[in-house]
C-alpha cells in the first residue's frame, strides 16, 4: 500500500481525558506514514495483534513501519470473529508476550476490527497490570466507534463484553485506504454506527447521512473522510464528558440493548455487530415513540436510512415458543441493567438521547412489531 | 466470633489516592462490627469470594453482617492456594456473578488471604469493566501487604502475577482476631512482609521488630496491633506517592525478585510467598553488600531476624545442573525487568531502599552463597 495522499492531509481529533488524552489520526496513507508513529512511548518490544485476513493485507506494512521505532517487532495472529472474543484467544496474546520476553514497556498495536481492538486493549490493560497500546482499526465500524474511547472486553458464555476494562489507547490510527478492502457487508455494518451519531447527538449529521449515503456506499473518499471524522468528534465529546459511563456516555449504546440480545440470541457472529445495532436502533426508535418521546415519522426515517445502508430492519425471532421472553432474558443481563430493570437508550428529539426504563408490555409490543414488519 | 473489644477501639489508616482514597480499619471484632460497613457503596447484590477453610471459619459471620446492608448476599468458594490463582478460578467468580444476575453496582468482598484478595480484586476490576470491592484479609500477610495498595493479579504458567490490574478497594477490614486461627507457618509467612518494612523505610521499626518478635510469634494482641498498623502506615505512604509503581513503589518488592524465582522454580505453593520473600530478602541483603551499599553486619542482622520468625534462610537449589542459570531465567521475566535487565531492590542504608541492576557474576555469587549457607 502506498500513500496516494501526503500525510499532511491527515486530520487529528483530540480526546480530552487529562493525562490519558490522545489523538485519532484520520487520513489516507496513515498506516505507512512516518508522522503517524512519532511521539509514541519508546520500548524494546512492539507486538502487533491481528487476525489472518488483516495480517495478509496490512501486517507487513505495519511491521515495516514499526521497525523504525522498536528494535523488536513481534506479531500474534488470533482466530477471526466475535465467537473467538474469548479468554482462550486473549491468552494467546499473553503467551506471545511472555514467551518473547516482552517487558512492561512493550507497546501493543491492535491491527484489525472491533474484536482485535477489544481483545488487544484488554490484554494491554492486564499484561503486567498495564502496558501502552495503539489502535489501528481496519474496519469502518472500528474506526468510527470501537477503537475510540477505551472500552475493552472479552465475552463470557453468559453475556457479551462482560469482562474487560476502561483502558485508553495512546493513539488511534485510522487509515481510510483500508475501507477499500472491506467486504460490502462490513462496510454496511460500520455505517450502522455512523448513522447512530445523528439521532443521539447531531440532527444536522443525520440530514447529511441521508444526503450522502449513496456516496458512502460507493466508498467516495471525501464522504468517508467526513463521516469518520464527524463520528470520532461526536464520540470524543461524549467520552471526554464521561469516560467510565456513569452517565451521558450510555447514549452511545443507542440500539445496543436490543442489538446485544439479537447477537447473543442468534449466536455471536451470525449477525455482525453493526447489523444487530442497525436493527436495534429501529427497535429503540419504536420504543421512543411508544414512550411518547418522538413521533412515528422518526421511526420511518431511521428505518429507511438503515435499510438503504444495506442493514436488516426486521428483527429475528430468537425463540419460536417464547420470543419476547427470550429477548427480555437476554436484555436483563445487559450491563446497563440495574437490579433487574432493563435500561434503554431512547431518543426524545432528533439529536438528543436519554436512558429510560420502560414497562415490560410496551417492550413486548416493540419486539412483536419489529419481528413482523 | 463475638467482639471482645468495642469497635471504637478500631484504628483507621488512610490511603490518600484522590478520588480513589480509602481506609484500612484495624482492630479486634472488626468483622462483625456494624461500623465496619457504614458508608460503603449501596447495591442490590453483594458477593463474598472466599476459600473452603476461611468460609467455614468466617463465611457466616461476614454474610450475616452484610445482610443488614445488601438485599442479596451470595458466596463463591474458590479452591485454595497459589496453584489455583489462575484464569479457571477467576472464571468461577464471573460465573457466579452472571448466573446470579449481579449488576454493575454489585460489591465484591474478598474474604481470605492474598490469593483470594488478588483474584477478587482482578475480578472486581474486570467484571462489567469495574465494580466496587472490599478487602477482608484473614492472614497476617494479606493484612500487612497484599490487601493494601490495589495490586490485583492472577498467575500465568510463564510467570507470577503477570495478568492483573491496579484497582483500589473501597475499604480494607483487618480483624486482628483472625490471626488467632492462623497456622504457625502462615503467621511466619506474614511476618516476612512485616520485617520488610524496616529495612526499606523505617530503621526504628526494624529495631522494634527485633525487640518484639517473640511477642508477635506468641500472638500478643498489642504487638500484633502495632505491627499491622505500622506496616499499613508505611505501605500507605509509599502507595500514595506512586500508585502504579512507576518509581518508589518498587521498593515494596524488597526480597521479591529472588523470592518470585524461588516460588516459580519450586512450583507455586511449595514455599509460601512469605517464606520465599524471607529468604529472598536475605539474598537481596547480600547483593546490597556486594554492591558496596551496606556492610555484612546488616546481612547477619536480617538473616537472624528472618530465622527467628520461623522462615527459611537457605535458598533452595532449583536445578541440579544449572542452578544459577535457572534463577537468572526466572528473574528475567520479573515485571521489574526492563529489556532483559533484572532490576533488584537493594538497601543502601537501614531504612532506605533503591532499585538497581547488578552484574550477572555478582548475582551468581549471591545465589551460590545463599544456596550453601
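Residue numbers (our numbering), protein chains in the order written: chain A, 1 to 373; chain B, 1 to 373. All C-beta atoms, glycine included, are put in the ideal place defined by N, C-alpha and C. Note that this is a predicted model, so its numbers are computed, not measured.
Can you give me the start and stop residues for the alpha helix (DSSP H) that residue i sits inside?
i: residue 266 (chain B); result: 256-266
i: residue 276 (chain B); result: 273-290
i: residue 236 (chain B); result: 221-241
i: residue 41 (chain A); result: It is not in any alpha helix (DSSP H) - residue 41 (chain A) carries neither H nor E in the DSSP assignment.
i: residue 34 (chain A); result: Looking at the DSSP string, residue 34 (chain A) is not in any alpha helix (DSSP H), and its letter there is neither H nor E.
i: residue 206 (chain B); result: 203-217
i: residue 93 (chain B); result: 87-99
i: residue 80 (chain B); result: Run containing residue 80 (chain B): none; DSSP gives neither H nor E here.
i: residue 60 (chain B); result: 60-67
i: residue 21 (chain B); result: Residue 21 (chain B) -> no alpha helix (DSSP H), and no H or E assigned at all.
i: residue 253 (chain A); result: Counting along the chain, residue 253 (chain A) falls outside any alpha helix (DSSP H), and DSSP gives it neither H nor E.
i: residue 361 (chain B); result: 360-372
Please name the residue in the options whose C-alpha comes closest to that of residue i.
i: residue 59 (chain B); options: B:238, B:312, B:111 and B:325; result: B:111
i: residue 45 (chain A); options: A:117, A:131, A:83 and A:26; result: A:131
i: residue 318 (chain B); options: B:368, B:154, B:292 and B:309; result: B:368
i: residue 82 (chain A); options: A:264, A:345, A:289 and A:293; result: A:264
i: residue 104 (chain A); options: A:124, A:86 and A:89; result: A:124
i: residue 188 (chain B); options: B:23, B:349, B:64 and B:141; result: B:141
i: residue 246 (chain A); options: B:72, B:351, B:129 and B:14; result: B:129
i: residue 249 (chain B); options: B:357, B:150 and B:190; result: B:150
i: residue 222 (chain B); options: B:271, B:19 and B:26; result: B:26
i: residue 108 (chain A); options: A:167, A:88 and A:145; result: A:167
i: residue 259 (chain B); options: B:328, B:135, B:148 and B:201; result: B:328
i: residue 14 (chain B); options: B:293, B:169, B:102 and B:351; result: B:169
i: residue 133 (chain B); options: B:67, B:88, B:144 and B:20; result: B:20
i: residue 360 (chain A); options: A:353, A:324 and A:350; result: A:324
i: residue 9 (chain A); options: A:18, A:36 and A:271; result: A:36
i: residue 113 (chain B); options: B:208, B:363, B:178 and B:61; result: B:178
i: residue 91 (chain B); options: A:154, A:206 and A:363; result: A:154
i: residue 62 (chain A); options: A:138, A:146, A:16 and A:12; result: A:138
i: residue 43 (chain B); options: B:191, B:106 and B:237; result: B:106
i: residue 127 (chain B); options: A:152, A:204, A:164 and A:349; result: A:164
i: residue 350 (chain B); options: B:340, B:205 and B:219; result: B:205
i: residue 228 (chain A); options: A:146, A:94 and A:330; result: A:146
i: residue 70 (chain A); options: A:84, A:88, A:293 and A:102; result: A:102
Across which residues does DSSP place residue i in a beta bridge pair?
i: residue 27 (chain A); result: A:175
i: residue 353 (chain B); result: B:347
i: residue 74 (chain A); result: A:47
i: residue 11 (chain A); result: A:26
Whose Cβ in chain C lies nearer than 7 Å to the Cβ of residue i?
i: residue 335 (chain B); result: Absent from the structure is chain C; the protein chains it does hold are A and B.
Along the chain, which unbroken stretches of the alpha helix (DSSP H) at least 4 residues long are found entirely within the segment 292-342 of chain A? 296-308 and 323-332
Inside the segment 103-181 of chain A only - beta strand (DSSP E) runs reaching at least 3 residues: 107-112, 133-137, 151-156, 159-166 and 171-175
Segment contact, 8 Å Cβ cut-off, at least three pairs: the segment 116-127 of chain A with the segment 197-213 of chain A: no
Between the segment 304-323 of chain B and the segment 236-243 of chain B, do at least 3 Cβ pairs fall closer than 8 Å? no
Looking at C-beta atoms only, is the number of pairs between the segment 164-177 of chain A and the segment 16-31 of chain A that lie closer than 8 Å three or more? yes
Counting Cβ pairs closer than 8 Å, one from the segment 339-348 of chain B and one from the segment 251-270 of chain B, do we hit at least three? yes
Would you call the segment 322-337 of chain B in contact with the segment 176-192 of chain B, where contact means no fewer than 3 C-beta pairs closer than 8 Å? no
For the segment 92-106 of chain B against the segment 155-172 of chain A, do three or more pairs of beta-carbon atoms, one drawn from each stretch, fall closer than 8 Å, so that the two count as touching? yes
Per the contact definition of three or more C-beta pairs closer than 8 Å, is the segment 212-232 of chain B in contact with the segment 284-293 of chain B? no
Check whether the segment 315-331 of chain B touches the segment 354-371 of chain B, counting contact only when three or more Cβ pairs, one atom from each stretch, lie closer than 8 Å. yes
Three or more C-beta pairs below 8 Å linking the segment 71-85 of chain A and the segment 48-55 of chain A: yes
Segment contact, 8 Å Cβ cut-off, at least three pairs: the segment 291-302 of chain B with the segment 270-277 of chain B: no
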